[in-house]
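K.L.:
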Amino acid sequence: MQHNKSETSKAGTNEASKTLNLYEENNAMKILAPATQAVTMSSIEIAELVDSRHDNVKRAIERLAKRGVITSPPLEEKPTVGRPVTCFMFSGEQGKRDSIIVVAQLSPEFTARLVDRWQELENKLSQPQIPQSLPEALRLAADLAEQKAELEHKVEEMKPDVAALERIAKSDGSMCVTDTAKQLQVRPKVLFDILKENHWIYRRIGSDVWTGYQDKIQTGYLEHKVTVVMKNDGSEKTTTQVRITPKGISKLAKMLSVEKAA
1 MQHNKSETSK AGTNEASKTL NLYEENNAMK ILAPATQAVT MSSIEIAELV
51 DSRHDNVKRA IERLAKRGVI TSPPLEEKPT VGRPVTCFMF SGEQGKRDSI
101 IVVAQLSPEF TARLVDRWQE LENKLSQPQI PQSLPEALRL AADLAEQKAE
151 LEHKVEEMKP DVAALERIAK SDGSMCVTDT AKQLQVRPKV LFDILKENHW
201 IYRRIGSDVW TGYQDKIQTG YLEHKVTVVM KNDGSEKTTT QVRITPKGIS
251 KLAKMLSVEK AA
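Pasting the structure below:
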């Protein structure tokens, strides 16, 4: 018995360590990865690119939007030396397309210049955010250390649950769906829906009895309990009930954990 507890604890620790390592790798990649924000360009920039007055560019945008040729871009106030200037903001693929149409209407010869500018902005955004100075590098290291410490704390909290799942998986007996729902602390209807959606159970046409899919029975997640009951008239009736094994309960617990994390 002591040996089983040791194995359970070791399994929980190993699983937790794997989770921590994976988290660290993913976090480092996220911090160094490009920011997931759309590239933007204002009508002021477009006016500068095509050597045109900003008010002329704005009128062209309004005219094309009114005709339905482009989508009307949002307005934004830009601070200047004098009073703030209102300009249109193009962003994302839609903004890129619409701005090219605007320039093609205003000055077709500058279309290539605009496309080059979009490419320049996109390339700049796609560059990894690598620290450029010692303070930035120290800040990155501190962030990673803080996130690692937070996850280590969560891992410690998870260890009893991991060990409990291991014990459930190795125990004997099975449970009906309702009792399994209580064990997993979810409503029976929620668990029935999960079992149906993930192809664990189904009902045959014309029957109100739940049946387990053969692959889930073969993997040891489900079993069928056959019971013979005596009817009032003295005849016998055979009933079948799908039940979830300890291995199946452990699997469902992990599935529910993933759903909660998402």
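Just so you know, we're using full-length UniProt numbering here: the sequence shown kicks off at 1 and counts up by one. Every residue gets a Cβ at the ideal spot worked out from N, C-alpha and C, and that includes glycine.
1. Classify residue 143 as buried or exposed, calling it buried when 16 or more other Cβ atoms lie within 10 Å of its own Cβ.
2. Where residue 84 and residue 146 are concerned, what is the direct C-alpha to C-alpha distance, given to the nearest angstrom?
3. Considering only C-alpha positions, which residue in the set 199, 218, 220 and 45 is nearest to residue 210?
4. So, are the CB atoms of residue 78 and residue 87 less than 8 Å apart?
5. Where does residue 111 fall in DSSP's three states?
6. Classify residue 319 as helix, strand or coil using the three-state DSSP reduction.
7. In angstroms, rounded to a whole number, what distance separates the CA positions of residue 111 and residue 137?
8. Along the chain, which unbroken stretches of the beta strand (DSSP E) at least 3 residues long are found entirely within the segment 194-221?
9. Comparing C-alpha positions only, which one of 184, 237, 44 and 223 sits nearest to residue 76?
10. When DSSP labels each residue in this structure, what does residue 67 get in the three-state scheme?
11. Which residues does DSSP list as the beta-bridge partners of residue 91?
12. Among 108, 102 and 217, whose alpha-carbon lies nearest the alpha-carbon of residue 70?
13. Which first and last residues belong to the alpha helix (DSSP H) in which residue 178 is found?
14. Could you tell me the boundaries of the beta strand (DSSP E) in which residue 241 lies?
15. Would residue 50 pass as a contact of residue 91 if the rule is Cβ separation under 8 Å?
16. Is the beta carbon of residue 121 sitting closer than 8 Å to the one on residue 100?
17. Taking the alpha-carbon positions, what's the residue 148 to residue 141 distance?
18. Going along the chain, which residues of its own chain have a beta-carbon closer than 7 Å to the beta-carbon of residue 238, five neighbours each way excluded?
19. Specify the secondary structure class of residue 229 as computed by DSSP and reduced to three states.
P.N.:
On the basis of the supplied data:
1. A residue is called buried once 16 or more other Cβ atoms fall within 10 Å of its Cβ, and residue 143, having fewer, is exposed.
2. Their backbone Cα atoms lie some 41 Å apart in a straight line.
3. Per the C-alpha coordinates, the member of 199, 218, 220 and 45 positioned closest to residue 210 is 199.
4. yes
5. helix
6. Only positions 1 to 262 of the chain appear in the structure, and residue 319 is not among them; the question remains open.
7. 40 Å
8. 201-203 and 210-212
9. 44
10. coil
11. 40
12. Here the closest residue by C-alpha is 102.
13. 177-184
14. 236-244
15. no
16. no
17. 10 Å
18. Shown here for residue 238: same chain residues with a beta carbon closer than 7 Å to its own, the five before and five after excluded, namely 226 and 228 in chain order.
19. strand
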